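Please read the structure below before turning to the comments.
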Amino acid sequence: MSPLLVNLLKVLFVAVLYGFLWVVVRAVRSHLSTGVVTPDRQSLPALFLTEPAAMAGRVIVVEQPILVGRGAEADVSFDDPFISDRHVRFDRLENRLVIEDLGSTNGTAVNGIPVVGRRALDRGDVIRIGQTIMEVR
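Dropping the structure here:
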């Protein structure tokens, strides 16, 4: 084989390799940015953020108790001035979510009704914590 042909084959191989990596990176980035729940976690209750718009589409899968707030000890923290440092706790009871307002200043609402103490959630319930809105799915 001529040296020119060998060099062309090398360049072609590198171009195909870069093209493959580009496709893989796009697929992974797309998968992560849409908040896709993987099949092994589909049966777990999840919170889908709808507002604020910058957070829309993000997913919080509740596998264990989760503390939501603005404080350092919060498992999930939001930059929302209407959320307390220790605002609300989500937990699972069998295959259902349970929400507990932790005495927050501005309160928590499920389907527009204020949460007092612990309350079981159903799929489709809409939760408002400060200015953050999420749906149980």
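Just so we're aligned, residue 0 is where the sequence shown starts under numbering that gives the first Met the number 0, counting upward by one. Heads up, the beta-carbon is just placed ideally off N, CA and C, and yes, glycines get one too. Computed from a prediction, not measured in an experiment: that's the story for all the values here.
Note down, in chain order, each residue of its chain lying with its Cβ closer than 7 Å to the Cβ of residue i, except the 5 sequence neighbours on either side.
i: Ser-76; result: Gly-68 and Arg-69
i: Thr-162; result: Any question about residue 162 goes unanswered here, given that the chain covers just 0 to 136.
Check residue i in the structure and name its three-state DSSP category.
i: Ala-55; result: coil
i: Ile-132; result: strand
i: Leu-43; result: coil
i: Arg-69; result: coil
i: Pro-2; result: helix
i: Phe-89; result: strand
i: Val-61; result: coil
i: Ser-29; result: helix
i: Phe-19; result: helix
i: Leu-8; result: helix
Which same chain residues end up closer than 6 Å to residue i when comparing Cβ atoms and leaving out the 5 residues on each side of it in sequence?
i: Asp-100; result: Val-87, Thr-107 and Val-114
i: Ile-126; result: Val-109 and Met-133
From the DSSP secondary-structure annotation, give me the bridge partner or partners of residue i.
i: Thr-104; result: Answer is none; Thr-104 lacks a bridge partner.
i: Ile-112; result: Val-109
i: Leu-96; result: Arg-91 and Leu-120
i: Ile-126; result: Val-109 and Met-133
i: Val-13; result: According to DSSP, Val-13 bridges with nothing at all.
i: Leu-48; result: Met-133
i: Val-75; result: Val-67
Ignore the nearest five residues each way along the sequence and tell me which others in residue i's own chain have a CB closer than 8 Å to its CB.
i: Ala-45; result: Val-36, Val-58, Ile-59, Val-60, Val-61, Val-135 and Arg-136
Worksheet item: Can at least three beta-carbon pairs, one atom from the segment 95 to 105 and one from the segment 119 to 127, be found at a separation below 8 Å?
Response: Yes, since at least three Cβ pairs between the segment 95 to 105 and the segment 119 to 127 fall closer than 8 Å, the two stretches touch.
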